[in-house]
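Residue numbers (my numbering), protein chains in the order written: chain A, 1 to 143; chain B, 144 to 286. Each residue gets a CB set at the ideal place from its N, CA and C atoms; glycine is no exception. Computed from a predicted structure; not experimentally measured. Take a look at the structure set out below.
Protein chains: 2
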Amino acid sequence: MEYNTQPLEYFIESCRKNNLKVTPQRMAIFQALVQDGSHPNPEIIYNRVRAKHPTISFATVYKTLETFEKFGLITRVTRLHDTVRYDPEIEPHHHIICVKCRKVINLFDEGLNNLPVPREVTSSNHVVDYSVHFNVVCEDCNN
Amino acid sequence: MEYNTQPLEYFIESCRKNNLKVTPQRMAIFQALVQDGSHPNPEIIYNRVRAKHPTISFATVYKTLETFEKFGLITRVTRLHDTVRYDPEIEPHHHIICVKCRKVINLFDEGLNNLPVPREVTSSNHVVDYSVHFNVVCEDCNN
DNA sequence: TTTCCACAGAATAATCATTATCGTCTACTT
DNA sequence: AAGTAGACGATAATGATTATTCTGTGGAAA
């Protein structure tokens with residue numbers, strides 16, 4: 001179990017490279033994220049950070065995480081978290097997702113439908129389905 | 144371009160099988176979803192349906208879509224739409240997502256990191272990255 | 001050193017998406 | 001005819017996120 005994939009020194013270095021100031025709050029937010037592999041949401045991070053910085057505000061957490069993501073210091077699991085997106089397609093398929101305009105296009109591909117599922121996945125979980133998310137910048141957004 | 148993957152007759156049949164009443168509103172909601180491949184959110188569907196059913200309410204649209212999904216008539220692109228989930232991992236990796244408790248676990252797998260990306264994806268898009276989402280019921284939720 | 005300025009942070013309001021509640025209606029049972 | 005469950009509409013409530021505004025601070029420039 002190795003969570004500390006991004007040691008603090010690397011984080012600080014990355015901030016410097018991007019002209020981001022390294023503040024105690026930012027370090028705390030980053031550490032709250034790195035401390036485990038739980039993919040926390042802003043609320044959880046906020047609560048963790050409050051232990052050491054009781055006056056920090058929600059907005060700061062949101063803005064900081066957004067900034068980190070913008071500069072590639074962290075990622076988000078999916079970029080489609082703003083609203084539910086429905087699909088009438090119920091057969092196995094995959095998705096092309098434009099990270100700018102959030103357009104979603106279905107992708108049907110036999111090869112992708114038959115990926116070898118790692119044992120790590122099947123060993124302790126019941127797999128419902130899977131789908132490959134291609135995060136792209138689409139033609140329309142590329143101009 | 145083939146969107147009508149689920150003709151209306153099949154929809155009606157599926158409703159009957161699941162003891163769901165087939166109402167004009169439900170047909171309209173389903174057709175608003177099937178009419179194109181745009182993966183609309185509830186707001187868009189609401190606006191489309193209002194053309195024929197001006198008195199329909201937002202709540203009905205939400206509840207109906209939820210019902211459809213529950214019975215497997217439609218799907219959602221991702222089940223992590225309720226809140227942003229951050230990840231300190233910036234190297235290519237994949238996700239195991241429990242559809243019940245929404246736990247997310249990173250998955251590192253060389254094979255999955257080197258999938259052949261279909262030409263359909265690369266031809267008109269700039270691929271930022273991709274990630275395989277395994278939707279599962281995790282050990283904890285399986286009891 | 002002093003002044004200036006941009007960024008960072010805190011507090012708070014506002015917005016947007018979603019869910020819950022409640023009353024009504026209707027088809028179907030008893 | 002009365003009862004019941006599901007469906008619908010109206011609306012309130014909640015929860016997540018974003019915007020706004022003000023204050024502070026550290027370093028660049030004078």
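*Starting from the beta carbon of Asn192/B, find every residue of chain A whose beta carbon is closer than 9 Å, and list them in chain order.*
Reading off the sequence shown, one finds Val at residue 192/B, where the question assumed Asn. Near Val192/B there are no residues of chain A at all, since even the closest Cβ is about 13 Å away, more than 9 Å.
*Determine the direct distance from the alpha carbon of Cys244/B to that of Glu209/B, and round the result to whole angstroms.*
17 Å
*How would you write the range of the beta strand (DSSP E) that Cys98/A sits in, first residue to last?*
94 to 98
*Does any C-beta atom of chain B lie closer than 9 Å to the C-beta of Glu9/A?*
no
*Assuming Arg79/A and Ile97/A make a contact with CB atoms under 8 Å, what is their CB distance in whole Å?*
7 Å
*Taking only beta carbons into account, state which residues of the segment 76 to 108 of chain A come closer than 7 Å to chain B, listed in chain order.*
Arg76, Val77, Thr78, Leu80, His81, Thr83, Val84, Arg85, Tyr86, Asp87, Pro88, Glu89, Ile90, His95, Ile96, Val99, Val104, Ile105, Asn106, Leu107
*Note down, in chain order, all residues in the segment 264 to 285 of chain B with a beta-carbon under 7 Å from any beta-carbon belonging to chain A.*
Val264, Ser267, Asn268, His269, Val270, Val271, Asp272, Tyr273, Ser274, Val275, His276, Phe277, Asn278, Val279, Val280, Cys281, Glu282, Asn285
*Classify Thr78/A as helix, strand or coil using the three-state DSSP reduction.*
coil
*Going by alpha carbons, who is nearest to Ile74/A out of Leu112/A, Asp82/A, Asn113/A, Ile29/A?*
Ile29/A
*Cα-Cα separation, Leu8/A to Val34/A*: 9 Å
_Between the CA atoms of Asn106/A and Met144/B - distance to the nearest angstrom_ = Confidence at Met144/B is low in this model, with a pLDDT of 48, below 50, so its placement is unreliable and no value can be given for it.
_Phe211/B, buried or exposed, once every other Cβ within 10 Å from all chains shown has been counted against 16_ = buried
*Are the C-beta atoms of Leu20/A and some chain B residue less than 9 Å apart?*
no
*asked:* Please identify the residue among Lys164/B, Pro231/B, His182/B whose C-alpha is closest to the C-alpha of Pro88/A.
replied: His182/B
_Cβ-Cβ distance between Val136/A and Val99/A below 9 Å_ = yes
*When burial is assigned at 16 or more other CB atoms within 10 Å of the CB, is Arg159/B buried or exposed?*
exposed
*Cβ-Cβ separation, Ala175/B to Ile188/B (assumed contact under 8 Å), whole Å*: 5 Å
*Within 10 angstroms of the Cβ of Arg26/A, are there 16 or more other Cβ atoms? Answer buried if so, exposed if not.*
buried
*Answer with buried or exposed for Tyr153/B, where buried requires no fewer than 16 other C-beta atoms within 10 angstroms of its C-beta.*
exposed
*List the residues of chain A whose Cβ lies closer than 7 Å to the Cβ of Ile155/B, in chain order.*
Within 7 Å Cβ-Cβ: nothing; Ile155/B doesn't reach chain A, min ~14 Å.
*Is any beta-carbon of chain B found at less than 9 Å from that of Arg56/A?*
As written in the sequence, residue 56/A is Ile, which differs from the Arg given in the question. Not closer than 9 Å to any Cβ of chain B, the Cβ of Ile56/A fails to qualify, so no.
_Tyr273/B to Gly254/B span [Cα, whole Å]_ = 13 Å
*chain B partners of His53/A, CB-CB under 8 Å?*
Chain B residues near His53/A: none, gap ~18 Å exceeds 8 Å.
*Spatial neighbours of Val117/A in its chain, beta-carbon cut-off 8 Å, leaving aside the 5 residues before and after*: Val127, Tyr130
_Length of the line joining the Cα atoms of Ile90/A and Gly215/B_ = 7 Å
_Residues of the segment 25 to 48 of chain A with Cβ closer than 7 Å to any Cβ of chain B, in chain order_ = Leu33, Val34, Gly37, His39, Pro40, Asn41, Pro42
*Does Lys17/A come within less than 9 Å of chain B when only Cβ atoms are used?*
no
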